[in-house]
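Using the numbering used here, you'd call the opening residue of the sequence shown number 674 and step up by one each time.
Built from N, CA and C at the ideal position, the CB exists for glycine as well.
In what follows, a single structure is set out as structure tokens and then discussed.
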Amino acid sequence: MSQATREPLLLEKSKPGCKGYLLPKLDVPEKPLEQLVPKEYLRSDPPELPELPENEVVRHFTRISTKNYHIDKNMYPLGSCTMKYNPKINEKAAAMHGNHDVHPLAPEFASQGALQIQYELKSMLAEICGLDDVCLQPAAGSQGELTGIMLIRKYHEDKGNSHKKYIMVPDSAHGTNPASVKISGYQVINIPTDENGLTDMKEFREKLSDEVAGIMLTNPSTVGLFESNIEEIRDLLHGVDALMYMDGANLNALLGIARPGDMGFDVVHFNLHKTFSTPHGGGGPGSGPIGISERLRKYQPGPVVEYDEKNDRYYWDHDRPESVGKVHGFYGSFGMMVRAWVYIRMHGAEGLREISENAILNANYLMHRLKDYYELPYEGPVMHEVVFSGNRQKKENGVKTLDIAKRILDYGYHAPTVYFPLIVPECMMIEPTESESKENIDGFCDAMISIAREASENPEIVKTAPHNTETRRLDDAYAAKNINIRWERDTSEPKEAKEATVA
Ligand SMILES: Cc1ncc(COP(=O)(O)O)c(C=O)c1O
């Protein structure tokens, strides 16, 4: 199939004189524009706007919205990214005038509703993670990580722990973990994963010393397993005055079941744009609040939203002399906070627990349906996601995981996360999330089973996939580095995307 041709832009479809509206006849005397608008504000040329009837505009946007893949189209099994369905009520609430148009410099008395949402959200998140406070400012999970490690650093500085140089990070961690450690001035101690997919305790004990400032642990881990050594890890770390940071990107497996604070963590980040349904990816804003224990509370970025019970008013506490400083302009991604607030309030405590139970049930069901067809490096039961390997298909038929990921697109599904975590060769990390029904998961599993059969009976069809998508296999690196999203009047055909050269 040839490369897709570019969809003409609205401006290119424009038909001069064509209107998308019908107004009644003017029933007041018409005045020249100069009498209505001061001359210096009048433009010399009319604006270049598309002129089209309404139906063509609607069809244009509907057509292009179906060309790409998105969660409103079908299941999005991208492991670790938790691409669950986003209830539209969240969007509606975020778009309400009082939420959408509130200015961050509006005085407190005029933005009490917005402050109340932030105060209530931080209180609910603190309860969910079992810690003493929550800072809503970080704008992504990764920024929450960095902020959390900055707090740990400040804690050690204040205690005079200048000998502390290292943060321990498991080899299954998301790349942002070691990056956050380095940026905050610590060195990484890499901890391997054992044959069961858990922290290798022998290596952990050997590498632990008084110079360790803390650990960054993802629980459940990126291979979808609950870290069952957590109590021993906590006791050993606390024995050398090291603090525990939890990467909470996978918190949708723990809601209402287990709390990082109860496990001994001092900081945890939430990915509001995963756990609490806000859209994730696609360049939209994120939100990565952090839960904080009492001993780190005073270091959090300010200002901090508080409630004055006596006067029944919410206010910003700017008096934070020991804060590590701001990490975001103003207060963070407020729109994301509104969505999370609605999501949590809508589900309530019982509902949140049910979310996690269903996420776990779905992942285990999927694991059982696929484990005879793809290698399963770590036996379950798993938490919210499951990691397979395409090793068998590669060894026996030369079909790589990348080929499988491309072939699943032909079946109408987004690909799973591939080649992460790095510790699993030919890795495929699948997260069905709680928002998918059994029928949807079965449809996805049937497609994956069919691909496993194709890989042995007709490997070429998998190696040359995708066949039915808008564009064929692209050189991802070339496409990312040479992206051109600027419209120019030149109507010559855009350069065709280069054919696949991925090795
Ligand atoms: C396990 C894990 N940790 C941290 C992050 C970073 O979160 P963010 O993308 O919001 O910066 C991710 C993101 O996918 C993740 O999967």
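Quick check on this structure: which residue in the options has the alpha carbon closest to the alpha carbon of residue i?
i: K686; options: P723, M917 and K795; result: P723
i: L1034; options: G887, D1149, L794 and G897; result: G897
i: L1049; options: N759, Y1084 and I1103; result: I1103
i: V730; options: K692, A846 and C1100; result: K692
i: V1000; options: G821, Y988 and G786; result: G821
i: G786; options: I1124, D1149, V1072 and M1010; result: M1010
i: K1079; options: I906, E982, K1136 and E967; result: K1136
i: T948; options: E900, S1029 and G1002; result: S1029
i: P952; options: Y988, N850 and D745; result: D745
i: N1131; options: I1077, R826 and F1093; result: I1077
i: G1085; options: V1015, K688, R986 and T1142; result: T1142
i: I930; options: Y714, R1026, P681 and T755; result: R1026
i: A1013; options: I1156, R907 and A766; result: A766
i: P760; options: E1109, P1054 and P750; result: E1109
i: I825; options: D939, P720, H773 and G870; result: D939
i: E721; options: Y859, G690 and K1044; result: G690
i: E979; options: Y988, K971 and Q973; result: Y988
i: D873; options: A915, S853 and E900; result: E900
i: M1040; options: G1008, K983, M1121 and E967; result: M1121
i: S966; options: N869, L684, I1017 and V807; result: V807
i: L890; options: A922, A1153, F734 and A1128; result: A922
i: A1125; options: T849, G1071, Q708 and K855; result: G1071
i: Y749; options: L788, P1139, C1118 and K1154; result: C1118
i: Y694; options: I1158, C1100, K704 and L725; result: L725
i: K1111; options: L684, A768, A1032 and D985; result: A1032
Quick check on the DSSP output: the beta strand (DSSP E) that includes residue i runs from which residue to which?
i: M756; result: It is not in any beta strand (DSSP E) - M756 carries neither H nor E in the DSSP assignment.
i: H942; result: V940 to F943
i: E979; result: V977 to D981
i: Y988; result: R986 to D990
i: M889; result: V885 to T891
i: M919; result: L916 to G921
i: M841; result: Y839 to P843
So, with DSSP's three-state summary, where would you put residue i?
i: V1015; result: helix
i: S1062; result: strand
i: F782; result: helix
i: C1100; result: strand
i: K947; result: helix
i: C808; result: strand
i: M748; result: coil
i: A1170; result: A caution first: A1170 carries a pLDDT of 45, below 50, which makes its placement in the model unreliable, though a value can still be read off. Coil, per DSSP.
i: P851; result: helix
i: P726; result: coil
i: M936; result: helix
i: S675; result: Confidence at S675 is low in this model, with a pLDDT of 43, below 50, so the placement of that residue is unreliable and no value is reported for it.
i: V1175; result: The predicted model places V1175 with a pLDDT of 34, which falls under 50 and marks its position as unreliable; any figure quoted below should be read in that light. Residue state, collapsed to three classes: coil.
i: Q860; result: strand
i: L895; result: In the sequence as presented, Leu is not what sits at residue 895; that position holds Thr. Three-state result, T895: coil.
i: T866; result: strand
i: Y972; result: helix
i: L682; result: coil
i: A799; result: helix
Note the first and the last residue of the continuous alpha helix (DSSP H) segment covering residue i.
i: G964; result: Counting along the chain, G964 falls outside any alpha helix (DSSP H), though it belongs to the beta strand (DSSP E) covering I963 to I965.
i: I906; result: I903 to G912
i: D774; result: No alpha helix (DSSP H) holds D774; DSSP gives it neither H nor E.
i: M823; result: G814 to D831
i: K875; result: M874 to K880
Would a C-beta distance cut-off of 8 Å place residue i and residue j closer than the cut-off?
i: P893; j: M1056; result: yes
i: G887; j: M919; result: no
i: R993; j: G975; result: yes
i: E1107; j: K757; result: yes
i: N763; j: S1006; result: no
i: L819; j: S857; result: yes
i: I737; j: E793; result: no
i: V861; j: V885; result: no
i: Y1004; j: P780; result: no
i: C754; j: T1090; result: yes
i: P962; j: G817; result: yes
i: G937; j: Y1051; result: no
i: L809; j: K795; result: yes
i: S996; j: Y1016; result: no
i: S815; j: S853; result: yes
i: R878; j: L910; result: no
i: D805; j: R970; result: yes
So, is the C-beta of residue i closer than 8 Å to a C-beta in chain E?
i: H733; result: Note that chain E does not occur in the displayed structure, where there is just one protein chain.
### Query
What runs of the beta strand (DSSP E), each 3 residues or longer, lie entirely inside the segment 1089 to 1150?
1100 to 1103
### Task
Please specify which runs of the beta strand (DSSP E), each continuous and at least 3 residues long, are wholly inside the segment 1018 to 1079, giving them in chain order.
1059 to 1062
### Message
If we require 4 or more residues per run, which alpha helix (DSSP H) segments fall completely within the segment 684 to 719?
### Response
706 to 709
### Query
Listed by chain order, which residues have C-beta atoms less than 6 Å from any heavy atom of ligand 2?
By its list of ligands, the structure shown excludes ligand 2, since it contains just ligand 1.
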